[in-house]
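K.L.:
Line by line, the protein sequences give chains A and B.
Each residue of the first sequence is one higher than the last, beginning at 1 in our numbering.
Each residue of the second sequence is one higher than the last, beginning at 1 in our numbering.
Each residue gets a CB set at the ideal place from its N, CA and C atoms; glycine is no exception.
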Amino acid sequence: MSMDLSVPETWRVKGPLYRLEAARCKTCGRIHYPPMPACPYCGSRDLERVTLPSEGVLESYSVVYAVPEGSRHKAPVLLGLVRLGRVRVVAEITDADPSELRTGMEVEAVLRRIRSDREAGIIRYGVMFRPKLKGGSRGG
Amino acid sequence: MARRVAIIGTGHSKFGVRNDVNIAELAYESIRQAIDEAGIEPGEIDFAFVSNVGGWSSEPLPAVVALEYAGLTGVGTMRVEAACSSGSAAIKAGYDAIKSGEADIVLVLGVEKMNESPTPTVVEFIGRAGNYFWEFQNFGLTFPGYYALYATAYMAKYGATEEDLCKVAVKNHYYASLNPKAQFPRKITVEHCMQSRYIAWPLKLFDCSPITDGSAAVILASEEVAKKVTDSPVWIKAIGTASGTSNLSRRTDFTHLEAARKAAAMAYKKAGIDPENPVKYIDVAEVHDCFTIAEIMAYEDLGFAKPGEGYKLIREEQTYIGGLIPVNLSGGLKAKGHPLGATGISMAVDLSRQLLGRVEKGRQAPIKNGVALAHNIGGTGHYAYVTIYSLDKPREA
Ligand SMILES: [Zn+2]
Chain A
1 MSMDLSVPET
11 WRVKGPLYRL
21 EAARCKTCGR
31 IHYPPMPACP
41 YCGSRDLERV
51 TLPSEGVLES
61 YSVVYAVPEG
71 SRHKAPVLLG
81 LVRLGRVRVV
91 AEITDADPSE
101 LRTGMEVEAV
111 LRRIRSDREA
121 GIIRYGVMFR
131 PKLKGGSRGG
Chain B
1 MARRVAIIGT
11 GHSKFGVRND
21 VNIAELAYES
31 IRQAIDEAGI
41 EPGEIDFAFV
51 SNVGGWSSEP
61 LPAVVALEYA
71 GLTGVGTMRV
81 EAACSSGSAA
91 IKAGYDAIKS
101 GEADIVLVLG
111 VEKMNESPTP
121 TVVEFIGRAG
131 NYFWEFQNFG
141 LTFPGYYALY
151 ATAYMAKYGA
161 TEEDLCKVAV
171 KNHYYASLNP
181 KAQFPRKITV
191 EHCMQSRYIA
201 WPLKLFDCSP
211 ITDGSAAVIL
221 ASEEVAKKVT
231 DSPVWIKAIG
241 TASGTSNLSR
251 RTDFTHLEAA
261 RKAAAMAYKK
271 AGIDPENPVK
281 YIDVAEVHDC
291 FTIAEIMAYE
301 DLGFAKPGEG
311 YKLIREEQTY
321 IGGLIPVNLS
331 GGLKAKGHPL
341 GATGISMAVD
351 LSRQLLGRVE
361 KGRQAPIKNG
371 VALAHNIGGT
381 GHYAYVTIYS
391 LDKPREA
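#1: Could you tell me if the beta carbon of C25/A falls within a distance shorter than 7 Å of some heavy atom in ligand 1?
#2: Along chain B, in chain order, which residues have C-beta atoms closer than 7 Å to that of E21/A?
#3: Considering only the alpha carbon of each residue, which of Y311/B, F291/B, K187/B, T292/B lies closest to E300/B?
#4: So if I threshold CB-CB distances at 8 Å, which residues from the segment 81-99 of chain A count as touching chain B?
#5: Could you tell me how far apart the beta carbons of G80/A and Y61/A are, in whole angstroms, since I believe they sit closer than 8 Å?
#6: With a threshold of 6 Å on Cβ separation, who are the neighbours of R138/A within its own chain once the five nearest residues in sequence on each side are excluded?
#7: What are the residues of the segment 142-163 of chain B that lie near chain A, defined by any Cβ-Cβ distance shorter than 7 Å?
#8: Give the secondary structure of Q199/B by DSSP, where H, G and I count as helix, E and B as strand, and everything else as coil.
#9: Please find out if some non-hydrogen atom of ligand 1 comes closer than 7 Å to the beta-carbon of Y41/A.
#10: I need the straight-line Cα distance from C208/B to E112/B, nearest angstrom please.
#11: Please identify the residue among C25/A, D95/A, A109/A whose C-alpha is closest to the C-alpha of L84/A.
#12: With 7 Å as the C-beta to C-beta threshold (strictly closer), list the residues of the segment 247-258 of chain B near chain A in chain order.
#13: Could you name each continuous alpha helix (DSSP H) segment of 4 residues or more that falls completely within the segment 141-180 of chain B, going from the start of the chain to the end?
#14: Compare the C-beta of Y198/B with all C-beta atoms of chain A and state if any pair is closer than 8 Å.
#15: Between the segment 203-223 of chain B and the segment 156-168 of chain B, can you find at least three pairs of beta-carbon atoms closer than 8 Å?
#16: Heavy atom of ligand 1 less than 7 Å from the Cβ of R86/A, yes or no?
#17: Determine the burial state of E286/B: buried for a count of at least 16 other Cβ atoms within 10 Å of its Cβ, exposed for fewer.
#18: With 8 Å as the threshold, decide whether the Cβ of I123/A is near any Cβ in chain B.
#19: Flag R142/A as yes when its Cβ comes closer than 7 Å to any non-hydrogen atom of ligand 1, and as no otherwise.
#20: Among P62/B, V5/B, Q183/B, A148/B, which one has its Cα closest to the Cα of K14/B?
#21: Suppose contacts are defined by Cβ-Cβ distances below 8 Å. Is A63/B in contact with M78/B by that definition?
#22: If we ignore side chains and look at the alpha-carbon of each, how far apart do L373/B and V234/B end up?
#23: Using the Cα positions of V106/B and I122/A, report the straight-line distance between them to the nearest angstrom.
#24: Can you tell me where the beta strand (DSSP E) holding K113/B begins and where it ends?
#25: Under DSSP, the alpha helix (DSSP H) around K228/B begins and ends at which residues?
#26: Would you say V64/A reaches chain B, if we count a Cβ-Cβ gap shorter than 8 Å as a contact?
#27: Could you tell me whether any non-hydrogen atom of ligand 1 is closer than 7 Å to the CB of S44/A?
#28: Which of the residues in the segment 198-222 of chain B, read from start to end, lie with their CB under 8 Å from any CB of chain A?
#29: Strictly below 7 Å CB to CB, what residues from chain C border Y18/A?
#30: Does the CB of S60/A have a neighbour CB from chain B at under 8 Å?
#31: Across which residues does DSSP place C208/B in a beta bridge pair?
#32: Only counting the same chain, and skipping five residues up and downstream in sequence, which positions put a Cβ closer than 8 Å to that of C28/A?
#33: Could you please give the first and the last residue of the uninterrupted alpha helix (DSSP H) stretch that includes Y268/B?
#34: Strictly under 8 Å for the Cβ-Cβ distance: is L111/A near chain B by that measure?
Structure below.
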């Protein structure tokens, strides 16, 4: 079964997917990613958009070999649970060998192609994480 | 006035790849057994709850199809869905119907025919048990991937190993080898398991429950009816329920399932079981081992072991018969099989038979307190049901 990526849906999620936009509840202080218009904990509708830090720590990971149809060519997929400040994000890990992954390692966000929808469909981009480059910046 | 509720009949099909039957025939194998055991007439059934997750099923409306084939057309019915814990949810629905006085006799059926869809479709569908549009579509997060994140975090925090996970599979295959209804009634070794291919590291093929066709059924009855038709009722003593966030990023901890802890606390409170020492009260448990890591977390979430010490229970063989508390003597989801909608009801059937001393030699637990526990999880702790069954009539209804 192939999925058709929805154009309106892709447009709606561009903030969180491209720029790590989250929502901070001004009432209870919790941060939600992906962002939402109301806080599911305290019910407040007073939330503001915040941008999550682009560097974080790998809290858990998996190397997924049984990959769903449509993404088979990417197998194995490195999957990470990344802590960015007070928030966790589930995202793909890229530019890494499975053997170098460790819980607690530092990672940084990069924008990559997540998936494309058949021949004529749209291409969706989004944030992935890679092991933090030594020296702080690319090529440094 | 609230009333007590008993299981008066049980039925269980052979689990496995059941290409020999259609979904209604598969359901009937359990319905017929359960009605025969209960010694009631089909016409006495007031309502039928049908647990089925579906999505790939050969029948989009399995409740009416299964009931019609069983000659139960005319009985009020509905499909019940709570992901992999649908079976326990259906039992709760039946329990509530009788407890409230709305019904006297209820059929609770679970049936799933998963092998009529190609595996990728099933895996994809189960993946959607999470926060589908976010985590699956954007990140390709599969269901084994969810539990793998838990396994990695648990192993890193507490020092459990892949061998420890495999020991859960070895135990459950051992007991499945004694259960003729199991999908995989054969023993395996730790080496077998360790050498199996990775599905989502650190989880290997033998850490994962299979794709299964199967059915299970129970007949529930009010105390009044139970007294008349049987001298060996099994009572539903308490049911604890909870849910968790559908968004993994929002979980606070990846070494336990918060919903399971909440459901256990509620069930223990209702049943009068000391949450500090539940193993003193419980003779046998069936827990939701969709992946081996899930069984280890279940030991801790149910209070059989302290947080971080669940893996020691399996390492020291404390969950075999003769240990601290025997767990998954049916073979569990891992080796008995996991036909999603039937699983919670299969737990009820096997535990009822355990309490009555009716299961096969070699996998019968010693019954001292007459109390058994079922732990049934939907998704990755999205839904949780903990059900306590007992031979003694509950003090309060
Ligand atoms: Zn809030």
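P.N.:
So, to answer that:
#1: yes
#2: Here the premise fails: no neighbours, minimum Cβ distance about 14 Å.
#3: Y311/B
#4: L81, V87, R88, V89, V90, A91, E92, P98
#5: 5 Å
#6: Any reading at R138/A must be qualified, since the residue scores a pLDDT of 47, below 50, and its modelled position is unreliable; no value is offered.
#7: T142, P144, G145, A148, L149, T152, A153, A156
#8: The amino acid occupying residue 199/B in the given sequence is Ile; Gln does not appear at that position. I199/B falls in the strand class under three-state DSSP.
#9: yes
#10: 18 Å
#11: A109/A
#12: L248, S249, F254
#13: 143-158, 162-176
#14: yes
#15: yes
#16: no
#17: buried
#18: no
#19: Lying outside 1 to 140, the shown extent of chain A, residue 142/A is not represented and no answer is given.
#20: Q183/B
#21: yes
#22: 12 Å
#23: 51 Å
#24: 105-113
#25: 223-229
#26: yes
#27: yes
#28: Y198, I199, A200, W201, P202, L203
#29: As a matter of chain content, chain C is missing from the structure shown, whose protein chains are A and B.
#30: yes
#31: F291/B
#32: C39, Y41, C42, S44
#33: 258-271
#34: no
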